[in-house]
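With the UniProt record's numbering, letter number 74 in the sequence shown gets 74, and the count goes up by one each step, no holes. Where a beta carbon is used, it is the ideal one built from N, C-alpha and C, also for glycine. All of these numbers come straight from a predicted model, not from anything done at the bench. The structure appears below as structure tokens.
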Amino acid sequence: MKRIFHPGGSVITGSDLADAVLLYAEALCNRRQVDVVDIPVMGDDGHLLRAQFLIGSASQLVSVTADSPSPELVEPETTDFLHRKAQTGAMIPAAWTREESAVAQFDDFDY
1 MKRIFHPGGS VITGSDLADA VLLYAEALCN RRQVDVVDIP VMGDDGHLLR AQFLIGSASQ
61 LVSVTADSPS PELVEPETTD FLHRKAQTGA MIPAAWTREE SAVAQFDDFD Y
């Protein structure tokens with residue numbers, strides 16, 4: 001697990017998710033773009049919550065390893081989606097959600 005520190009505080013999420021958020025934030029910074037990402041996080045009481053971050057050209061994020069009694073938080077679809085959006089030349093508009101991206105991919109197929 002990792003804790004992501006942002007100007008408004010911090011959240012705990014899975015290590016792969018935190019790494020993907022920072023990777024995408026760096027890519028957006030290099031492109032001079034911003035986006036909102038939605039990731040699962042652990043609440044103070046251990047319940048699973050969702051957090052949205054505005055990341056990009058002015059992001060001030062820090063990620064550090066965090067101890068947590070909970071099992072590692074994983075959401076492979078979100079991690080993969082953030083990795084794809086971070087790739088150079090990614091054709092996914094910044095504001096698209098995972099679901100919108102999936103619909104667009106299916107629309108490209110000829111039946």
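Annotation: the continuous alpha helix (DSSP H) that includes residue 78 extends over 76 to 86. Closest by C-alpha distance to residue 18, out of 71, 63, 85, is 63. Membership of residue 25 in the alpha helix (DSSP H) is indicated by the continuous run 15 to 31.
With respect to the 8 Å criterion, residue 52 and residue 7 are not classified as neighbours on the basis of their beta carbons. Per DSSP, the unbroken beta strand (DSSP E) holding residue 38 starts and ends at 34 to 42.
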